[in-house]
Amino acid sequence: MKFRSDSALAVNMASFMRVLGFKERHNADAAFSVVKNSRNNVEWLSVVAVMILMSDQKYISKVTFLFSLCDFNSSGKVNCAELCIGMRYLLLGISHFFKNATVPPRDEVERSTVAVFAKIDADKSNFILIEEIVSFAYGSKDLRVLLSPFPADDPRIFEELVLFTESDKQQSREALNRLGSQEQKMIHELRLTPDAATKLTSKASEQRKQVRKARARPWQENKFVTKPYAWLLYKLFAELKDSSHTIPSKVLLDTVSNLDRLRALMQKFADDPDEAMSKFADSTLAVRVTKHLTDKQCILRLEDHAGDAVSLRALFCLCCPSVQESEIEAGMQWCRTYRAHDILNALLKCKSSPLVDASFDEKKEDVAIDVDEEDIEALFEAIDMDHDGQLSVENLCEGGNLRPEEARRLVELWDRDRTGELSKGEILAIVHHVHSSVRQRMKALFAAEGSGRFC
Numbered sequence: 014m015k016f017r018s019d020s021a022l023a024v025n026m027a028s029f030m031r032v033l034g035f036k037e038r039h040n041a042d043a044a045f046s047v048v049k050n051s052r053n054n055v056e057w058l059s060v061v062a063v064m065i066l067m068s069d070q071k072y073i074s075k076v077t078f079l080f081s082l083c084d085f086n087s088s089g090k091v092n093c094a095e096l097c098i099g100m101r102y103l104l105l106g107i108s109h110f111f112k113n114a115t116v117p118p119r120d121e122v123e124r125s126t127v128a129v130f131a132k133i134d135a136d137k138s139n140f141i142l143i144e145e146i147v148s149f150a151y152g153s154k155d156l157r158v159l160l161s162p163f164p165a166d167d168p169r170i171f172e173e174l175v176l177f178t179e180s181d182k183q184q185s186r187e188a189l190n191r192l193g194s195q196e197q198k199m200i201h202e203l204r205l206t207p208d209a210a211t212k213l214t215s216k217a218s219e220q221r222k223q224v225r226k227a228r229a230r231p232w233q234e235n236k237f238v239t240k241p242y243a244w245l246l247y248k249l250f251a252e253l254k255d256s257s258h259t260i261p262s263k264v265l266l267d268t269v270s271n272l273d274r275l276r277a278l279m280q281k282f283a284d285d286p287d288e289a290m291s292k293f294a295d296s297t298l299a300v301r302v303t304k305h306l307t308d309k310q311c312i313l314r315l316e317d318h319a320g321d322a323v324s325l326r327a328l329f330c331l332c333c334p335s336v337q338e339s340e341i342e343a344g345m346q347w348c349r350t351y352r353a354h355d356i357l358n359a360l361l362k363c364k365s366s367p368l369v370d371a372s373f374d375e376k377k378e379d380v381a382i383d384v385d386e387e388d389i390e391a392l393f394e395a396i397d398m399d400h401d402g403q404l405s406v407e408n409l410c411e412g413g414n415l416r417p418e419e420a421r422r423l424v425e426l427w428d429r430d431r432t433g434e435l436s437k438g439e440i441l442a443i444v445h446h447v448h449s450s451v452r453q454r455m456k457a458l459f460a461a462e463g464s465g466r467f468c
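Just remember that this note's numbering sits 13 ahead of the position in the sequence shown, which is counted from 1.
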C-alpha cells in the first residue's frame with residue numbers, strides 16, 4: 014500500500030495528489046474537499062477504510078483487510094484500542110463519502126466496539142488474532158449486513174493477515190502516539206485495565222508465534238471439535254473443493270440438501286482404508302456430523318453466506334457456530350496435518366525418478382497427482398517443525414503420518430543433494446515433473462487426433 018510508505022497518517026493537498034496520482038489540480042481539489050477534516054488535512058485511514066469497504070472483494074476478504082488496517086504497530090494482533098481507532102476511522106470515512114449517512118457519536122462507537130471486542134476475545138487475552146476475527150465474521154449477521162450494500166465480483170477468498178511493509182518514521186510515530194493516547198483514554202474513561210496495551214517488537218511473525226504458544230492450553234481437551242470430527246469435515250471439504258481450494262456454495266448446499274448422498278459420503282470417510290487415518294472416525298460420529306450439516310439452521314447460515322465460496326474455516330464455522338474459536342483453530346491445525354498426509358500420499362504415486370533410474374523416461378510415466386504449489390506451501394507449513402525449509406524422514410513420519418519405509422522411499426527418489434532431507438524445491442520438482450509428463454501426453458494425444466489416427 015503506497016500510503017503506508019509514502020505519507021503520514023494525516024496529509025495535506027500536495028501529499029494527497031502525489032499518493033493518489035492526480036494529474037489535474039481541479040480534480041484533486043474536488044476529491045480533497047470531500048474528505049478533508051477541520052484542520053484542512055485528510056485522514057488517510059478514513060479514506061482507505063472506505064476504499065476497502067467499496068472494493069471488489071468478497072465479504073471475508075474485506076474483513077481481513079480492515080482488520081489488518083487496524084494493526085497499527087504491526088504486531089500481528091489487534092488490541093481493543095486499535096479496534097476502536099479503526100472503527101472510528103471507518104465511520105468517519107463513511108460520513109465523508111455518503112452525505113446522508115448517520116454516524117453514531119464517538120463515545121457510543123467506542124462502547125459498542127469494546128462490547129464486540131469482548132465477545133470476540135473469548136480467551137480474555139486482551140487482544141484478537143486474525144483467526145478470531147475471521148471466525149467471528151463468518152457467524153456475524155450484523156457485520157455481513159454492514160458490508161452488504163457493496164457487492165463484489167472477485168471470487169477469491171482471503172483469510173490471511175495483510176502484512177504491510179515498514180512505514181516511514183513519521184507515520185510510525187503518529188500511529189504509535191495515537192494508539193497510546195487511545196489506550197490511555199480507554200483505561201480512564203472506559204475503565205479498562207492497562208493490560209490492553211500491546212508490547213511492541215520488530216518481528217511481527219515471531220511475536221505471533223509466541224502469542225499462539227501462550228494461548229495454547231494442551232491440558233484442555235476440545236469438547237465439540239475433536240480430531241475425528243475435524244477428520245470428517247476435512248474429508249468432506251477435500252471431496253467437494255475445486256481448484257481454488259474452496260467449495261462453491263451451491264455445491265455444498267446441494268450436498269447437504271441431499272441426505273442420502275451426504276450419508277453415503279460420511280460413511281465412506283468413516284470407512285477410509287488408510288491405516289494411518291482410519292482410527293479417526295466411526296459410523297456413530299458420521300451420523301452426528303451428518304445431523305449437524307443437515308440441520309435447518311446450518312442450511313440457513315449457508316444460504317446467508319450469499320453465494321461466497323466456502324473455505325475450510327468457513328465450513329467449521331457453518332457447522333459449529335457456538336463453539337469457541339480456540340476449538341475451531343485446533344480443528345484447523347489437525348486438518349493441516351490431514352492435508353499434509355494426503356499430499357504426501359499423492360507424491361508417493363511416483364514409483365521412480367531420474368535419480369535412481371538412469372533409463373527413466375518421464376513420457377512413459379502414467380501418474381497424475383492433484384497437487385499444486387499451494388499444496389506444497391501448506392505441506393511445509395504443517396510438518397516443517399523447525400522451519401528450516403527441509404523435511405526429514407522424521408518430519409514425514411511424525412507430521413505427515415507416513416510409514417518409515419514410505420518416508421525413506423520418497424527421500425531416496427527425490428533428494429537431489431543427498432542430504433537425507435527434502436527441500437521445498439525438490440518437492441516442487443516432483444509436481445513439475447508429473448505435470449510436465451501429463452502435458453506431454455496431452456500434446457501427443459491432440460497431435461494424434463489432429464493427424465486422424467483415432468478416426
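No residue lacks a Cβ here, since even glycine has one placed at the ideal position from N, Cα and C. The model shown is predicted, which means the values in this text are computed figures rather than measured ones.
Close-in-space but distant-in-sequence residues of the same chain around A41 (CB under 8 Å, 5 per side omitted):
Around A41: M26, F29, M30, L33, F35.
Stretch pair the region 54 to 74 + the region 149 to 167: three plus CB contacts closer than 8 Å
The way I'd put it, the region 54 to 74 does touch the region 149 to 167; three or more beta-carbon pairs between them come closer than 8 Å.
Please go through the same chain and pick out, in chain order, the residues whose beta-carbon is closer than 6 Å to the beta-carbon of T206, but skip the five residues on each side of it.
Because the pLDDT at T206 is just 42, under 50, the model does not fix this residue reliably, and the value given afterwards should be weighed accordingly. Excluding its 5 nearest sequence neighbours in each direction, T206 has no C-beta neighbour in its own chain below 6 Å.
Name the one or two DSSP bridge partners that E56 has.
Under the DSSP definition of a beta bridge, E56 partners with A23.
Rounded Cβ spacing between L266 and L315 (contact assumed at less than 8 Å)
Contact between L266 and L315 is confirmed by a C-beta separation of about 6 Å, below the 8 Å threshold.
Using 8 Å as the Cβ pair cut-off and three pairs as the minimum, do the region 79 to 89 and the region 119 to 138 touch?
These segments do not touch.
What is the DSSP secondary structure of I107, reduced to helix, strand or coil?
Of the three classes helix, strand and coil, the one that applies to I107 here is helix, per DSSP.
Just to check my reading of the structure: W244 and Y351 have Cβ atoms closer than 8 Å, yes? What is that Cβ distance to the nearest angstrom?
Between Y351 and W244 the Cβ distance is about 6 Å, and since that is below 8 Å, they are a contact.
In this structure, how does DSSP classify K49 when only helix, strand and coil are distinguished?
K49 sits in a strand when the DSSP states are folded into three classes.
Where does L382 sit, in a helix, a strand or coil, going by DSSP?
Position check: residue 382 holds Ile in this sequence, whereas Leu was assumed. Reduced to three states, the DSSP call for I382 is coil.
Which residues in the same chain as G320 place their Cβ atom closer than 6 Å to its Cβ, once the five residues preceding and following it in sequence are excluded?
The answer, listed in chain order, is S262.
Host alpha helix (DSSP H) of K273 (start-end)
According to the sequence shown, residue 273 is Asp rather than Lys. If you look at D273, you'll find it in the alpha helix (DSSP H) that goes 272 to 283.
Could you check if D388 is buried or exposed, using at least 16 other CB atoms within 10 Å of its CB as the buried criterion?
Under a 10 Å Cβ-count criterion, D388 is classified as buried, with 16 or more other Cβ atoms of the shown protein chains found around its own Cβ.
Of the choices T432, I440, V300, V47, whose alpha-carbon is the least far from that of S366?
The shortest Cα separation from S366 among T432, I440, V300, V47 belongs to I440.
Could you name the residues that DSSP lists as bridge partners for I396?
In the DSSP output, where bridge partners are listed per residue, I396 has none listed.
Which partner residues does Q403 have in the DSSP bridge list?
Its beta-bridge partners are S436.
Pairwise C-alpha distance: T307 and M279:
Their backbone Cα atoms lie some 12 Å apart in a straight line.
What are the start and end residues of the alpha helix (DSSP H) that includes T303?
Segment 296 to 306, the alpha helix (DSSP H) holding T303.
Using a Cβ-Cβ cutoff of less than 8 Å, which residues in the same chain neighbour V63 once the five nearest sequence positions on both sides are dropped?
Excluding sequence neighbours, V63 sits near L103, G106, I107, H109, F110.
Closest by C-alpha distance to I382, when choosing among C333, H400, L357
Residue L357 is the option with its Cα nearest to I382.
Just verifying my parser: in three-state terms, what is the DSSP assignment at V127?
It is helical.
State the start and end residues of the unbroken alpha helix (DSSP H) segment that holds G344.
Element bounds for G344: 338 to 360.
Identity of the residues DSSP links to I141 by a beta bridge
BP columns for I141 point to V91.
Where H400 falls, given that 16 or more other Cβ within 10 Å makes a residue buried
Flag for H400 reads exposed.
According to the neighbour-count rule (16 or more other Cβ atoms, all chains shown, within 10 Å of its Cβ), is M100 buried or exposed?
The residue is buried, with at least 16 neighbouring Cβ atoms inside 10 Å.
Identify which residue in L435, L331, E252 has its Cα closest to the Cα of V147.
Ranked by how close their Cα comes to the Cα of V147, the residues L435, L331, E252 have L331 in first place.
Anyone know if the C-beta pair for E173 and I141 falls short of 8 Å?
Not in contact: E173 and I141 (Cβ atoms no closer than 8 Å).
Could you tell me which residues DSSP pairs with V323 in its beta bridges?
V323 pairs with I260.
Flag this pair as touching only if the region 335 to 344 and the region 299 to 313 have three or more C-beta atom pairs under 8 Å; answer yes or no.
Contact fails: fewer than three Cβ-Cβ distances are below 8 Å.
Measure the alpha-carbon distance for V406 versus A359 and round it to whole angstroms.
Distance between the alpha carbons of V406 and A359: 17 Å.
Using CA atoms only, rank isn't needed, just tell me which of L328, T297, A327, E419 is closest to K362.
Among L328, T297, A327, E419, the Cα nearest to that of K362 is on E419.
C-alpha gap between K364 and L176, whole angstroms:
K364 and L176: Cα-Cα distance of roughly 41 Å.
What does the alpha-carbon distance come out to for the pair V336 and A150?
Rounded to whole angstroms, V336 to A150 spans 14 Å at the Cα level.
What distance in whole Å lies between the Cβ atoms of F250 and Q333, which are believed to be in contact at a cut-off of 8 Å?
Before going on, a small fix: residue 333 reads as Cys here, not Gln. Going by Cβ atoms, the distance from C333 to F250 rounds to 14 Å, so no, they are not a contact pair.
Other residues of its chain near G412: CB distance less than 7 Å, five sequence neighbours each side excluded
Cβ within range, chain order: T350, A353, A395, I396, M398.
Measuring alpha carbon to alpha carbon, tell me which of R119, V323, R276, A135 ends up nearest D255.
D255 has its Cα closest to that of V323, out of R119, V323, R276, A135.
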